[in-house]
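**Q**
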Amino acid sequence: MNNWQDAEQFADRASEMYEHGKWADAELALRQALEIDPDQGDWHFNLGLTLERVRRDAEALSSFEQASRLLEDAIDPQLA
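Taking this note's numbering, I'd label the letters of the sequence shown as residues 6 to 85.
Here it is, written out as structure tokens:
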């Protein structure tokens with residue numbers, strides 16, 4: 006298994022944990038995924054949602070801002 010697949014597995018686990026209300030586990034899995042691939046805007050967004058659930062609003066905002074930057078960069082300029 007390669008790093009990208011590991012990161013995807015962590016992100017998938019985070020989604021599962023989030024759906025079950027296991028915020029700490031979701032946060033941990035997302036942080037592990039982002040250690041491997043920090044340029045995934047969707048994962049930063051999901052981390053923001055997770056942090057928001059546990060009222061860590063300043064950290065959530067930081068994650069949302071990072072997601073916004075990354076996702077904005079991912080948009081094809083010809084489509085904008």
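Think of the CB as a built atom: it goes at the ideal place given N, C-alpha and C, for glycine as much as any other residue. Model, not experiment: these values are computed from the prediction.
1. Could you check what DSSP says for residue 78 in three-state terms: helix, strand or coil?
2. Exposed or buried, residue 39, counting other C-beta atoms within 10 Å across all chains shown (16 or more means buried)?
3. Could you tell me how far apart the beta carbons of residue 15 and residue 34 are, in whole angstroms, since I believe they sit closer than 8 Å?
4. Considering only their Cβ atoms, is the gap separating residue 67 from residue 46 smaller than 9 Å?
5. For residue 9, I'd like the list of residues in its chain whose CB is within less than 8 Å of its CB, leaving aside the five on either flank, ordered along the chain.
6. Would the beta-carbon of residue 59 fall within 9 Å of that of residue 24?
7. Give me, in chain order, the residues of the same chain whose beta-carbon lies closer than 6 Å to that of residue 72; leave out the 5 immediate sequence neighbours on both sides.
**A** Once the coordinates are examined:
1. helix
2. buried
3. 5 Å
4. no
5. 41 and 42
6. no
7. 46, 49 and 50
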